Amino acid sequence: MFEFIRTHQRLMQFFLLLLIVPSFVLVGVSSYNERGSNDGVATVDGKKITQQEWEAAQRRQLDQARQMMGEQFDQKLFETPEAKQAVLDQLVAERAINAEIIRNHLTVSDAALQKAILGIQAFRKEDGTFDMDRYKAALAAQGMTPDMFDQRMRHDLAVQQLVGSVQQTAFAPRTVANRLSDINDEEREVQEQLFPAANYVAQVKVTDDMIKAYYDKNAALFQVPESIKAEYVVFDASAVEKQVNVSDADIADAYNKNKARFTTPEKRTASHILINVKKGASAAEDAAAKAKAQAVLDEVRKNPNDFAKIAKAQSQDPGSAELGGDLGVVQKGVFVKPVEDAIYGLKEGEVSGLVRSEFGYHIVKITKIVPETQKSLEEAKPEILAELKKAKMSAKYTELAETFRNTVYEQADSLKPVADKLGLTIQTAEGLTRAPNPALGASPVNNPKFLEAIFGSDAVKNKRNTDAVEVAPGTLVAGRVVEFKPATKRPLADVEAAIRQRVTQEEAAKLARQAGEAKLTAAKASGDTAGFGEAKIVARTKQPTINETAAVAVLKADASKLPAYVGVDIPGVGYGVYRINKVSQPAQPDVARRKQEAEQIGRAVGNAETYGFVEALKHKAKAKINVKPADLGAKSE
Numbered sequence: 001m002f003e004f005i006r007t008h009q010r011l012m013q014f015f016l017l018l019l020i021v022p023s024f025v026l027v028g029v030s031s032y033n034e035r036g037s038n039d040g041v042a043t044v045d046g047k048k049i050t051q052q053e054w055e056a057a058q059r060r061q062l063d064q065a066r067q068m069m070g071e072q073f074d075q076k077l078f079e080t081p082e083a084k085q086a087v088l089d090q091l092v093a094e095r096a097i098n099a100e101i102i103r104n105h106l107t108v109s110d111a112a113l114q115k116a117i118l119g120i121q122a123f124r125k126e127d128g129t130f131d132m133d134r135y136k137a138a139l140a141a142q143g144m145t146p147d148m149f150d151q152r153m154r155h156d157l158a159v160q161q162l163v164g165s166v167q168q169t170a171f172a173p174r175t176v177a178n179r180l181s182d183i184n185d186e187e188r189e190v191q192e193q194l195f196p197a198a199n200y201v202a203q204v205k206v207t208d209d210m211i212k213a214y215y216d217k218n219a220a221l222f223q224v225p226e227s228i229k230a231e232y233v234v235f236d237a238s239a240v241e242k243q244v245n246v247s248d249a250d251i252a253d254a255y256n257k258n259k260a261r262f263t264t265p266e267k268r269t270a271s272h273i274l275i276n277v278k279k280g281a282s283a284a285e286d287a288a289a290k291a292k293a294q295a296v297l298d299e300v301r302k303n304p305n306d307f308a309k310i311a312k313a314q315s316q317d318p319g320s321a322e323l324g325g326d327l328g329v330v331q332k333g334v335f336v337k338p339v340e341d342a343i344y345g346l347k348e349g350e351v352s353g354l355v356r357s358e359f360g361y362h363i364v365k366i367t368k369i370v371p372e373t374q375k376s377l378e379e380a381k382p383e384i385l386a387e388l389k390k391a392k393m394s395a396k397y398t399e400l401a402e403t404f405r406n407t408v409y410e411q412a413d414s415l416k417p418v419a420d421k422l423g424l425t426i427q428t429a430e431g432l433t434r435a436p437n438p439a440l441g442a443s444p445v446n447n448p449k450f451l452e453a454i455f456g457s458d459a460v461k462n463k464r465n466t467d468a469v470e471v472a473p474g475t476l477v478a479g480r481v482v483e484f485k486p487a488t489k490r491p492l493a494d495v496e497a498a499i500r501q502r503v504t505q506e507e508a509a510k511l512a513r514q515a516g517e518a519k520l521t522a523a524k525a526s527g528d529t530a531g532f533g534e535a536k537i538v539a540r541t542k543q544p545t546i547n548e549t550a551a552v553a554v555l556k557a558d559a560s561k562l563p564a565y566v567g568v569d570i571p572g573v574g575y576g577v578y579r580i581n582k583v584s585q586p587a588q589p590d591v592a593r594r595k596q597e598a599e600q601i602g603r604a605v606g607n608a609e610t611y612g613f614v615e616a617l618k619h620k621a622k623a624k625i626n627v628k629p630a631d632l633g634a635k636s637e
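Per full-length UniProt numbering, the very first residue in the sequence shown carries number 1; after that it's consecutive.
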């Protein structure tokens, strides 16, 4: 990471502002923020974005976040005005980009689409070959057909074609990159004089009044938070499983109805040699290619065991030639029909004649055939049992979850009715506080949403059950307060020793600072070097040779006039005075790192220019947001 960019954001903003401002001058950002009275929540290119579309986008965001974040998911984070605004802004940006794609008639060729799909890692096997089964399963999981997926991919590729061109052509001017790298590489020679707080402890006299004053002033430090002892019950998949039964008859019926599912189709591993024929080739060119292919075929037939060697030398298919023509396991529907027909018409070890396709002449060899296999009922039983149980549990969950919710609400004086009805165990938790306790880990009662419910006024004052709280997908918890302990302040006598130690440290640090500041003033006035240690080099690109807090201060100090001095409070140490003797660049700059830094700056510029480009598209599409702050849940000014 280019740490300098992250830790010097204001300087970076200055440089980038010089590069980016023209984009915003052209865009006219204010037009986007105009509020209208249109029925839609926004309009882009004369078309409305409806309230329903906005809400659907918010739901999609919630679903994606829930899947990604798991137990850490907190819906409240996505219900803020800022989160809703971000979703709407994204919709507006997408519509503006789509409008530009349509205006410019941007299209994606079939070849580009196929290349993109074949390049998706999730659709590949461990050996790198395309896996049709994974492809179909992934689409089915998203409720998509291949045509729907193709349409989405075409759109995404068109967006990349439009917006990606801005990102890819962006660069940071060499002078800007060099200047930032110079600052990052800068080395400062410093001398250090420390005034450790520990050296002044003996001079500190802590009185009872000082201890009492600290105790009163810092009451929050000595507060024992309110706590609860609670009973609780957990409703999850294990509770549902107890209510579900799958018989052998159910399993046999499912097997007989879905035998095709338990059939592994024949698998064929093939290799090929391709002699290209370019599109629109003349008859003479076609004949020449065919003659060359025939010569290669003759060589293969003379030396069938050298197929891979011949393919590597003669094949004009860049994807498989280096692999000796290996195509891996061939799935139906992946290759053009003439080649597929040849592959499925040969026996293991056989070599085809010349096969003509739109790409040229192929010579195909079948290297391995794995026959079709069928799982028996006994072999398939564990899989079917798991699936049927899961399906029944899914159907039963909704019913039982509703029972759980209703029972804890309707019989709110005890958790026993719901425990008896659903076969749940009443558990006890002590010392619950409003904030999650790291010691409890992922316990359901340590969930922020449950803690908010158990500390609710009805639960605390009336000892009534909490509502059912979803603490994780498919996991509900309800609790009941057994005992509530209000917040208290620890007695002074219990914390006196700790306060005495803290006050002693603080007073010693003050004395160290006073001594250090006196030295700093004297050194600035006279240039006196007495007491300073040996010279050390401090640089952003090297491990600190002095305390990190001090190193940051030294590197930020004004060194226009040398020697320069800076004083630093060092937490846990005391006070340090630093004399900066020299500022220089390294004798041997790290060329590779400077190149990497320039690339990172270029990407930062590219991101900024992409943002400016999208803002310009919004302006071009006359984008307007029509909702008021109140519609976002924000407070009106």
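Where is the CB? At the ideal position from N, CA and C, for every residue including glycine. Note that the structure is predicted; figures quoted are calculated from it, not measured.
For residue i and residue j, what's the separation of their Cα atoms in angstroms?
i: K259; j: K290; result: 45 angstroms
i: A525; j: R594; result: 39 angstroms
i: T488; j: P225; result: 7 angstroms
i: K396; j: D127; result: 41 angstroms
i: A116; j: R134; result: 16 angstroms
i: A270; j: Y344; result: 10 angstroms
i: V244; j: L422; result: 12 angstroms
i: K242; j: T398; result: 15 angstroms
i: G431; j: K461; result: 17 angstroms
i: D413; j: F455; result: 16 angstroms
i: E53; j: G46; result: 16 angstroms
i: V573; j: D590; result: 34 angstroms
i: A230; j: P491; result: 27 angstroms
i: K463; j: A140; result: 48 angstroms
From this set, the options, which residue's C-alpha is nearest residue i's C-alpha?
i: N406; options: L388, V469 and S443; result: V469
i: A277; options: F359, E496 and E79; result: Here residue 277 is Val; the residue named in the question, Ala, does not match the sequence. Measuring from the Cα of V277, the nearest candidate turns out to be F359.
i: A509; options: A197, Q67, D147 and M68; result: A197
i: E79; options: L91, V92 and A65; result: A65
i: F532; options: L520, T541 and R540; result: L520
i: E372; options: P265, I454, A239 and T145; result: P265
i: K556; options: A158, A311, L492 and I183; result: I183
i: N98; options: Q160, W54, L62 and T145; result: Q160
i: A111; options: L157, A592, G527 and T145; result: L157
i: S238; options: V204, T425 and P318; result: T425
i: R261; options: F123, P81, S376 and A439; result: S376
i: G349; options: N305, Q314 and D236; result: N305
i: Q600; options: A616, N446, L180 and R301; result: L180
i: residue 647; options: P444, Q67, K628 and L617; result: Only positions 1 to 637 of the chain appear in the structure, and residue 647 is not among them; the question remains open.
i: T428; options: D420, V445 and V418; result: V445
i: S560; options: A539, V364 and R188; result: R188
i: R513; options: A220, N199 and L354; result: N199
Is DSSP giving residue i helix, strand or coil here?
i: K628; result: coil
i: F24; result: Unreliable positioning characterises F24 in this predicted model, as indicated by a pLDDT of 36, which lies under 50. The coordinate reading is nonetheless provided below. Three-state result, F24: helix.
i: S457; result: helix
i: P146; result: helix
i: H619; result: helix
i: T475; result: strand
i: V233; result: strand
i: N276; result: strand
i: S376; result: coil
i: S584; result: strand
i: V364; result: strand
i: E410; result: helix
i: D569; result: strand
i: R356; result: strand
i: A398; result: Checking the displayed sequence, the identity of residue 398 turns out to be Thr instead of Ala. Helix, per DSSP.
i: E192; result: strand
i: S31; result: Reliability of the predicted coordinates at S31 is poor, the pLDDT of 40 falling under 50, and no value is obtained from them.
i: A530; result: coil
i: R490; result: coil
i: S181; result: helix
Report back the beta-carbon spacing between residue i and residue j to the nearest angstrom; my notes put them in contact at under 8 angstroms.
i: A96; j: A623; result: 6 angstroms
i: G516; j: G567; result: 6 angstroms
i: G324; j: A311; result: 5 angstroms
i: S357; j: V330; result: No, S357 and V330 are not in contact; Cβ-Cβ is about 14 angstroms, not under 8 angstroms.
Query raised in the report: On the three-pair Cβ rule with 8 angstroms, is the stretch 386-397 touching the stretch 245-259?
Result: yes
Query raised in the report: Do the stretch 399-418 and the stretch 295-315 meet, that is, are 3 or more Cβ pairs less than 8 angstroms apart?
Result: no
Requested in this report: Mind the definition here: the stretch 547-554 touches the stretch 578-588 only if three or more C-beta pairs lie below 8 angstroms; say whether that holds.
Outcome: yes
Requested in this report: Spell out a yes or no on whether the stretch 107-123 and the stretch 145-159 are touching, meaning 3 or more CB-CB pairs, one atom from each, closer than 8 angstroms.
Outcome: yes
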